[in-house]
Amino acid sequence: MLLDQTVDLVRRGYVFTAWARRRRSSDEAARRPRYAVSVRLLGRPATVVGGPDGVRLFYDQTLMRRRRAMPAAVARPLFGRGAVHGLDGDEHQQRKAMFVDALMDEKGVADLMDLADELLVEAIRVWRGDGKGVVYPTTTEVYGRAVLRWAGVDVPPRRELRVARDLARIVDGFATPGLPYLSAWRRRLACDRWAARLVRDVREGRRTPPADSVLERVSRQRGTDGELLDAHTAGVELQNVLRPTVAVARFAAFAALALADQPEWRARVSAEVRERGSAVAGPLATAFAQEVRRLYPFVPLLAAVARQSTSFEQCPIPAGRRVLLDVMATNHDPQEWPSPNTFDPERFLGTGAEWSPPFVPQGGGRPETGHRCPGELVTVGLLALTIARLAELDGRLDRSQDAGWSWGRVPALPRSGVVITLDDPAA
Ligand code: HEM
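Position one of the sequence shown corresponds to residue 843 (this note's numbering), numbered consecutively onward.
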């Protein structure tokens, strides 16, 4: 029997599955699987799947469920109790429709982009005054403020900042034992209280958010029993829009590194902004954003549980077995992505690759019918906007910084937050 590997997962992070594959049993290796490997986590066996076939299996809802798929110790601080992520069947469908309606509406997303662009331009003006800026904290603040206003959460600017930082801490610490984890929990409890109070204020007439804003939608959302969601759960779902939007700042930090490595692309994107007269939704900046999502680390694995016995790459998966989708390896699969470790946004220029099965930075399948992230338009839109504004900037990476990251720390982030020095502070 395999020894428990939970500690290895926590220590190795993004490289855990590659490590496990190298150590797989001769019995398993004899079937010559590409992805499949049995591991043992939290005292239970689990099977790793990946690649387009693994994605199809993982998103087959007749075969997989989500309830209790992710250990509560990480799901609770990250997503919150009662969140959409752990629902199945009708309950999931009904809850998910609210997110899809709110987050996949083109006009709604465009409004969010305009808000974010205004705040980003203002933040970059402050950078110019200072002669430098740091991408991660700045975009955490900008995205946080923009999404709070867009979601109909009208609070004073200092509160906006506090909420953005607290939500960022939750993402930062939920999978790192010790102080980061405790800090994530502390912020989770505080944010849960705050968000439930907002929902009660709306229901009791003390606040009137705009019609169809996210705050208004979660406040009137009902469960399959026809009853309003309890205030805690409604608040959790409000945060399931706010928190991941703030977390896009992690990709923004990687995007800034990628831009510094790709002067030709930087010139192309900057020319695109000039030609279009807008930094929002440029096709080149969008392709660049997609390639950032494919190449850089964020989500390492996703979890489901087999409803019935099945198999993958000839490895049996009994009913009740936890199944892990290897997100990172699928996004870097050499059979699907030529030169998978080369940064090349052309892969996404008019190819439709962003909806192809091996592209799973935010899950696979369709958001309308399965668990795929409903926030991809928001993520890609914010990233493309930020890439466009950074490309225009006459800045370079500060030489003294350590912009490296650890492959063992989930989620990853360049240690410096990515410091940009501006050549002419007075410009
Ligand atoms: C920072 C970039 C983001 C990443 C890496 C990311 C990643 C993911 C992943 C991997 C899933 C789970 C897919 C699955 O279980 O099959 C997911 C689900 C979800 N995401 Fe995102 N996401 C991001 C941004 C966003 C944004 C901006 C929003 C909202 C504005 C959002 C809202 C959600 C929600 C509500 C779910 C639950 C969907 C469900 O269970 O049906 N995410 N995301």
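Yeah, the Cβ is synthetic: ideal placement off N, Cα and C, and Gly gets one too.
About 7 Å separates the beta carbons of Thr982 and Arg1007, which is inside the 8 Å limit, making them a contact pair.
Under the 8 Å Cβ criterion, the segment 1214 to 1226 does not count as touching the segment 905 to 915, having fewer than three qualifying pairs. Under the rule that a run must span 4 or more residues, the alpha helix (DSSP H) segments found entirely inside the segment 1152 to 1228 read 1169 to 1173. Lys938 has its Cβ nearer than 8 Å to a heavy atom of the ligand HEM. For Asn1082, the distance from the CB to the nearest heavy atom of the ligand HEM is below 8 Å. A distance below 7 Å between beta-carbons, with the five flanking residues on each side excluded, links Pro979 to the following residues of its chain, in chain order: Gly1259. Of the candidates Ile1159, Thr1228, Phe1201 and Ala1129, the residue whose Cα lies closest to the Cα of Gly1192 is Ala1129.
For Arg1241, the secondary structure class from DSSP, reduced to helix, strand or coil, is coil.
By the neighbour-count criterion, in which a residue is buried when 16 or more other Cβ atoms sit within 10 angstroms of its Cβ, Val968 is exposed.
In this structure, the beta-carbon distance from Trp1179 to Pro1200 falls below 9 Å. Gln847 sits buried, since 16 or more C-beta atoms from the chains shown fall within 10 Å of its C-beta. Here Val984 is buried: its Cβ has 16 or more other Cβ atoms, across all protein chains shown, within 10 Å. Separation of the CB atoms of Arg1045 and Ser1025 is rounded to 31 Å, and the pair is thereby denied contact status at 8 Å.
Under the three-state reduction of DSSP, Pro894 is assigned to helix.
Ser1112 and Ala1233 have their C-alpha atoms some 5 Å from each other. Judged by the Cβ position, Glu1196 fails to qualify as a neighbour of the ligand HEM at the 8 Å threshold, every heavy atom of the ligand being at least this far. Approximately 20 Å separates the beta-carbon atoms of Val1134 and Leu945; this is outside 8 Å, ruling out the contact. About 14 Å separates the Cβ atoms of Phe1154 and Thr859, ruling out a contact at the 8 Å cut-off. Residue pairing from DSSP places Pro887 in a beta bridge opposite Arg882. For the pair Gly1223 and Asp1186, the Cα-to-Cα distance works out to about 19 Å. Distances between the C-beta of Thr1018 and the heavy atoms of the ligand HEM are all 8 Å or more.
For Thr1075, DSSP records no beta bridge to any residue.
Between the alpha carbons of Val977 and Arg1011 lies a gap of roughly 16 Å. About 14 Å separates the beta carbon of Pro1256 from that of Leu1137, a gap too long to meet the 8 Å contact definition. Across the set Arg1035, Gly1237 and Ser1248, the C-alpha of Gly1237 shows the shortest separation from the C-alpha of Arg970.
In this chain, the beta strand (DSSP E) harbouring Leu1264 covers Val1261 to Leu1264. Counted as a single uninterrupted DSSP element, the stretch harbouring Gly1246 is not any beta strand (DSSP E), since DSSP gives it neither H nor E. Measuring C-alpha to C-alpha distances from Val1122 to each of Asp943, Lys949, Arg882 and Thr1228 identifies Thr1228 as the nearest. When Gly855, Lys974, Arg1001 and Pro1086 are compared, the shortest CA-CA separation from Gly922 is found for Pro1086.
One thing to note: Val1088 has its Cβ within 9 Å of the Cβ of Val1013. Relative to the ligand HEM, the nearest heavy atom lies less than 8 Å away from the CB of Cys1215. Exclusion of the five residues before and after Gln903 leaves Gly1212 as the residues of its chain whose Cβ lies within less than 7 Å of its Cβ. C-alpha of Pro1253 to C-alpha of Phe1016: approximately 9 Å in a straight line.
Less than 9 Å divides the Cβ of Ser880 from the Cβ of Leu844. Out of Gly950, Glu948, Ala925 and Lys949, the CA that lies nearest to the CA of Lys938 is found in Ala925.
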